[in-house]
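Student:
In this note's numbering, the protein residues as written are 9 to 272.
Dropping the structure here:
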């Protein structure tokens, strides 16, 4: 992977990580077109640049992270299901990650669901993060587990999960962003641990790629989050639903026509 490819992947990560469109699906399409070979560092890179995206959430919502201890308890409660199921089902998850068709189908099905989400859950009663109960946080955490299926979208699953619990679109989206911080930090830490445990090392050139990737992911994610909240409040999820359907169909058609697509 060269610098140009790293920049493209970082832009995609920043744009898609917090949108309900699946960063995994977009990484697959981009890496396939650019011919990026899958190797341990590339797999590490795609996870590690999430740290830049995490920082964008902390910067944008800085005051929220120092508001109350209850805020952190809710995030911990919501994070627990993913931590438990992630450890218990790690082998199954790895198997799914080897199936580009699973990603295409997940994008397609998720897109259809997003077309109707605004009609299904249009009477929210929770309009502030402070009103989210611990039980509601736990339920949202279980929805996050669905995103272990590649192509589902972590943000999409948690936002829809929040809306099923009567959260407004804005509050559901923001809680999804907050929950991304411990979730993505844990995923990055585990990937780094596994990388070194397998005997790999990071070269100076690769370190530069990680720095570039995180900086770009941070800047792009800042813009994406601010734009997403504004758009979501005005227009809802329908546009993202159609977009997912198109992306899913692209992957499925490419696979059915003999194109090789590699999960990175």
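Idealized CB from N, CA, C, for every residue including glycine.
With distances taken between CB atoms, is the gap from residue 160 to residue 65 smaller than 9 Å?
Tutor: Here residue 160 is taken as the residue at index 152 of the chain shown, counted from 1. Here residue 65 is taken as the residue at index 57 of the chain shown, counted from 1. It is not a contact, given that the beta carbons lie outside the stated cut-off.
Student: Taking a contact to mean a Cβ-Cβ separation below 9 Å, would you say residue 248 touches residue 112 in this structure?
Tutor: Stepping through the chain shown from its first residue, residue 248 is reached at position 240. Stepping through the chain shown from its first residue, residue 112 is reached at position 104. No, Cβ-Cβ distance for residue 248 and residue 112 is not below 9 Å.
Student: Tell me the rounded alpha-carbon separation between residue 147 and residue 133.
Tutor: Residue 147 sits at position 139 when you count from the first residue of the chain shown. Residue 133 sits at position 125 when you count from the first residue of the chain shown. The alpha-carbon atoms of residue 147 and residue 133 are separated by roughly 16 Å.
Student: Report the three-state DSSP secondary structure of residue 3 (helix, strand or coil).
Tutor: Nothing about residue 3 can be read from this structure; the chain reaches only from 9 to 272.
Student: Ordered along the chain, which non-local residues of its own chain (more than five positions away) have a Cβ less than 8 Å from that of residue 221?
Tutor: The residue labelled residue 221 in the question sits at position 213 within the chain shown. Only 14, 15, 17, 18, 21, 53, 56, 57, 60 meet the Cβ criterion.
Student: For residue 68 and residue 260, which I take to be in contact (beta-carbon distance under 8 Å), what is that distance rounded to the nearest angstrom?
Tutor: Position 60 of the chain shown, counting from 1, holds the residue named residue 68. Position 252 of the chain shown, counting from 1, holds the residue named residue 260. Actually they do not touch by this definition, with Cβ atoms about 35 Å apart.
Student: According to DSSP, is residue 307 helix, strand or coil?
Tutor: An answer regarding residue 307 cannot be provided, because it is not within the stretch 9 to 272 covered by the chain.
Student: Applying the criterion that 16 or more other CB atoms from any shown protein chain within 10 Å of the CB defines a buried residue, is residue 245 buried or exposed?
Tutor: The residue given as residue 245 occupies position 237 in the chain shown. Answer is buried; the Cβ neighbour count reaches 16.
Student: Taking only three categories from DSSP, how would you classify residue 126?
Tutor: By one-based count along the chain shown, residue 126 stands at place 118. Residue 126 falls in the helix class under three-state DSSP.
Student: Taking only the alpha-carbon atoms, compute the straight-line gap between residue 25 and residue 48 and give it to the nearest angstrom.
Tutor: By 1-based counting over the chain shown, the position of residue 25 is 17. By 1-based counting over the chain shown, the position of residue 48 is 40. Straight-line Cα distance between these residues: approximately 21 Å.
Student: Which same chain residues end up closer than 8 Å to residue 88 when comparing Cβ atoms and leaving out the 5 residues on each side of it in sequence?
Tutor: Your numbering for residue 88 matches position 80 in the chain shown. So the qualifying residues of the chain are 146, 149.
Student: For the candidate residues 205, 155, 29, 171, whose alpha-carbon lies nearest to that of residue 93?
Tutor: Position 85 of the chain shown, counting from 1, holds the residue named residue 93. Among 205, 155, 29, 171, the Cα nearest to that of residue 93 belongs to 155.
Student: If you run the structure through DSSP and keep just helix, strand and coil, what is residue 44?
Tutor: Within the chain shown, residue 44 is the residue found at index 36, counting from 1. Coil, per DSSP.
Student: Measuring only the C-alpha atoms, how far is residue 137 from residue 179?
Tutor: The sequence position of residue 137 within the chain shown is 129, counting from 1. The sequence position of residue 179 within the chain shown is 171, counting from 1. Each residue's alpha carbon lies about 6 Å from the other.
Student: What residue from 213, 9, 46, 79 has the CA that sits closest to residue 183's CA?
Tutor: The count along the chain shown starts at 1 and reaches residue 183 at position 175. The residue with the shortest Cα to Cα distance from residue 183 is 79.
Student: Do residue 86 and residue 175 come within 9 Å of each other at the CB atom, strictly closer than that value?
Tutor: Here residue 175 refers to the residue found at position 167 of the chain shown. Here residue 86 refers to the residue found at position 78 of the chain shown. Going by C-beta atoms, residue 175 is not nearer than 9 Å to residue 86.
Student: To the nearest angstrom, how far is it from the Cα of residue 229 to the Cα of residue 264?
Tutor: Here the question's residue 229 lines up with position 221 in the chain shown. Here the question's residue 264 lines up with position 256 in the chain shown. If you take the alpha carbons of residue 229 and residue 264, they lie about 33 Å apart.
Student: Given a cut-off of 9 Å on the beta-carbon distance, is the pair residue 29 and residue 239 in contact?
Tutor: For the purposes of this step, residue 29 is taken as residue 21 along the chain shown, with counting starting at 1. For the purposes of this step, residue 239 is taken as residue 231 along the chain shown, with counting starting at 1. Contact: no.
Student: Is any heavy atom in the ligand PLP found nearer than 8 Å to the beta carbon of residue 255?
Tutor: In the structure on display, the ligand PLP does not appear, and there are no ligands present to speak of.
Student: Once you ignore the five residues that flank residue 135 on each side, which residues in its own chain have a CB closer than 7 Å to its CB?
Tutor: Position 127 of the chain shown, counted from the first residue, corresponds to residue 135. If we look at residue 135 and ignore the five residues flanking it on each side, its Cβ neighbours are 176, 179.
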